[in-house]
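Chemist:
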Amino acid sequence: MAKVKLEVSELQPYLEIPAVTPGVMAHSRPFVAKPEHQEPLGFPGVLVDNWQEKAIDKMGDLLGRYRSLRVYLDACVKCGSCTDKCHYYIGTGDPKNMPVARQDLLRKVYRRYFTLAGKYFPKLVGAEDLTQEVLDDWYSYFHQCSQCRRCSVFCPYGIDTAEISMAAREIMDHIGMGQKYCNEIIAKVYKIGNNLGLPGPALRDTLEGLEEDVFDDTGVKVRYPIDQVGADILLVTPSADFFAEPHVDGLVGYGKVFHEAGVSWTLSTIASEAANFGMFIGSYENMRRISLRIREAAIALKVKRIVFGECGHAWRVAYSFLNTLAGPWDFLDPSYPIPQHICEFTNDLIQNGKLNLDKSQNDDMVLTFHDSCNVARASRMGPTPGGQFDIPRAVIKAVCNHFHDMDEETIRERTFCCGGGGGLLTDDLMELRVKGAFPRMTALNNVIQEKGVTHMAAICAICKSQFTKVLPYYGMEMEQIVSVHQLVSNAIILTPGEDDDLDEDDDESEDDED
Ligand code: SF4
Ligand code: SF4
């Protein structure tokens, strides 16, 4: 798609909190899902006639199911700490993109129908009826939250706007007002197995092509197997890894790491997608159904371990919820983490001196690292607290000579979202995505100016796709975003397999015969 023309603010060394401009992003809303996107997920195809009543019923259901939701809606004291912490507010100036104001869109309806004061004295407590105007605001502004949880880090009560936004989206799905992008993708996972709708034969072709490319580059036969029954490890990775840049360079890297580790591994056509968009729409039922594919694949392939590739929210679902959603995993080998992140796997090999690395292969780059929100603020990695920050950095530093972090206010648990997470990575939200990337672009630009950084590495498929699109809006090149395992792939010195020379001889003798 051609670059959409947008007015983009010039990057300055310091982030300025913008003046409030009411309603400036009210027009920003994603395409509404059609019946064919809604119905496979168990939702009504179009807005139901009695939608107010159904929405209130669903809100009651969620309040009963999730105690946290009621606590978040009750606990806010309007202290204002979160107001300037959201990248969408900083990038747009729309006051409804302040986290507290976003929460209030749901809170005022909650108060009206679920609190005594709201029922009898609505005006006194800011309670409001659920009207068409409120529903329009919900649709616009709950699709301007990437569920990144940055605001919750600064809230003295730990109120998680992401959870409120998930609940709002779930209510809208249940009245037939779902979002096309997320729901169409989930339907594709059910029908074909992955977000991109890549069928098994296309996956096999891609992997064969990768094997040939790696052999041509290195002279070493690195396998990229799929549906190998009896392999030790099932790798579950985002489908973007199969073809998009720079994702696929990461997949090449995973294969090289497994090759050097001497383990048998496999991908799966059943679970050819790590992403779980069920989380973005707040639907436990869909999250579970998507997760069960991984269980089905692990059992069918008789694997002992599960390793996840570079995908931010997939790792959150895997790390935080996989056992509840699709466990128990008692058929896997308990000597290994269930599941394990590919960075943790690679880092263990590095720490144990099992990888032969030539850092100078990355000397044409000066790196920084973008902490992806769902990894940073909603999961961990490895056995020690903070592993989700330290392990990817340890891997990068082991394979690159030049690394500099961005401003500490913009990394680790305070990281800024890429601007495209939480189910917003769609072209119909391009203005929001570009404006929401502004804080991250500011920090990146600063480290480019001050330290000569040339590239930013990430471990999330959504972040990588988002940055390839938005970097050019800020005067940078789309190639400046790289996969962490792309860096590993560049540096790793491969050990030839026993049959590499043999195969080459075979090829030669075939040529001779010709
Ligand atoms: S979760 Fe992230 S995107 Fe949503 S309101 Fe908070 S800071 Fe903004
Ligand atoms: S920081 Fe927390 S308590 Fe304060 S206004 Fe924001 S959500 Fe409410």
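So the working numbering is basically just the index in the sequence shown, starting at one, shifted up by 169. Just so it is clear, CB atoms sit at the ideal spot from N, CA and C, and this is done for glycine as well. Model, not experiment: these values are computed from the prediction.
Which stretch, first to last residue, makes up the alpha helix (DSSP H) that contains L376?
Modeler: First-last of the alpha helix (DSSP H) with L376: G369 to T387.
Chemist: Going by beta-carbon coordinates alone, are A606 and Q649 separated by less than 8 Å?
Modeler: Contact: no.
Chemist: Have a look at V177, H343 and Q181 and flag the residue whose alpha-carbon is nearest the alpha-carbon of V616.
Modeler: Nearest C-alpha to V616: Q181.
Chemist: Applying the criterion that 16 or more other CB atoms from any shown protein chain within 10 Å of the CB defines a buried residue, is D151 buried or exposed?
Modeler: Past the boundaries of the shown model lies residue 151; the chain is included only from 170 to 683, so the question cannot be answered.
Chemist: A440: which of E619, R464 and K254 sits nearest, CA to CA?
Modeler: Comparing Cα-Cα distances from A440 to each of E619, R464 and K254, the minimum goes to R464.
Chemist: Pick from C512, D527 and K633: whose alpha carbon is nearest that of V476?
Modeler: Of C512, D527 and K633, the residue nearest in Cα terms is C512.
Chemist: From this set, T579, C629 and A630, which residue's C-alpha is nearest L613's C-alpha?
Modeler: Nearest of T579, C629 and A630 to L613, Cα basis: T579.
Chemist: The beta strand (DSSP E) spanning V405 covers which residue range?
Modeler: Note, V405: beta strand (DSSP E), I402 to V405.
Chemist: Measuring only from the beta carbon, is Y488 closer than 7 Å to any heavy atom that is part of ligand 2?
Modeler: Y488: no, Cβ never under 7 Å from ligand 2.
Chemist: Apply the 10 Å Cβ neighbour rule to R234 and answer buried if 16 or more other Cβ atoms are within range, or exposed otherwise.
Modeler: Exposed is the call here.
Chemist: Here's a check: name, in chain order, each residue in its chain whose Cβ is nearer than 8 Å to the Cβ of A244, leaving out the five neighbours to either side.
Modeler: Counting only Cβ-Cβ distances below 8 Å, and skipping sequence neighbours, we find Y326 and I328.
Chemist: Report the three-state DSSP secondary structure of T435 (helix, strand or coil).
Modeler: Note: T435 maps to strand in three-state DSSP.
Chemist: Just to confirm, is the Cβ distance from K528 to V568 under 8 Å?
Modeler: For K528 and V568, yes; Cβs fall inside 8 Å.
Chemist: Out of curiosity, what's the CA-to-CA distance linking M534 and L656?
Modeler: Their backbone Cα atoms lie some 10 Å apart in a straight line.
Chemist: On the premise that Y359 lies in contact with P209, defined as a C-beta separation below 8 Å, what is that separation, rounded to the nearest angstrom?
Modeler: Yes, P209 and Y359 are in contact; Cβ-Cβ is about 6 Å, under 8 Å.
Chemist: In this structure, how does DSSP classify L491 when only helix, strand and coil are distinguished?
Modeler: Helix, per DSSP.
Chemist: Inspect the beta-carbon positions of L299 and V278 and report whether they are closer than 8 Å.
Modeler: Yes, Cβ-Cβ distance for L299 and V278 is below 8 Å.
Chemist: Could you compute how far the alpha carbon of V173 sits from the alpha carbon of N364?
Modeler: So the alpha carbons of these two residues sit roughly 24 Å apart.
Chemist: In terms of residue numbering, what span does the beta strand (DSSP E) encompassing I650 cover?
Modeler: It spans I650 to S652 - the beta strand (DSSP E) in which I650 sits, taken as one unbroken run.
Chemist: Determine, using beta-carbon pairs with one atom in the region 551-565 and one in the region 596-605, whether at least three such pairs fall under 8 Å.
Modeler: These segments do not touch.
Chemist: Taking the CB atoms as reference points, tell me whether C480 and T406 lie closer together than 8 Å.
Modeler: Yes. Within cutoff.
Chemist: Using a threshold of 8 Å, state whether the C-beta atoms of C320 and S334 are closer than that.
Modeler: The answer is no: Cβ separation not under 8 Å.
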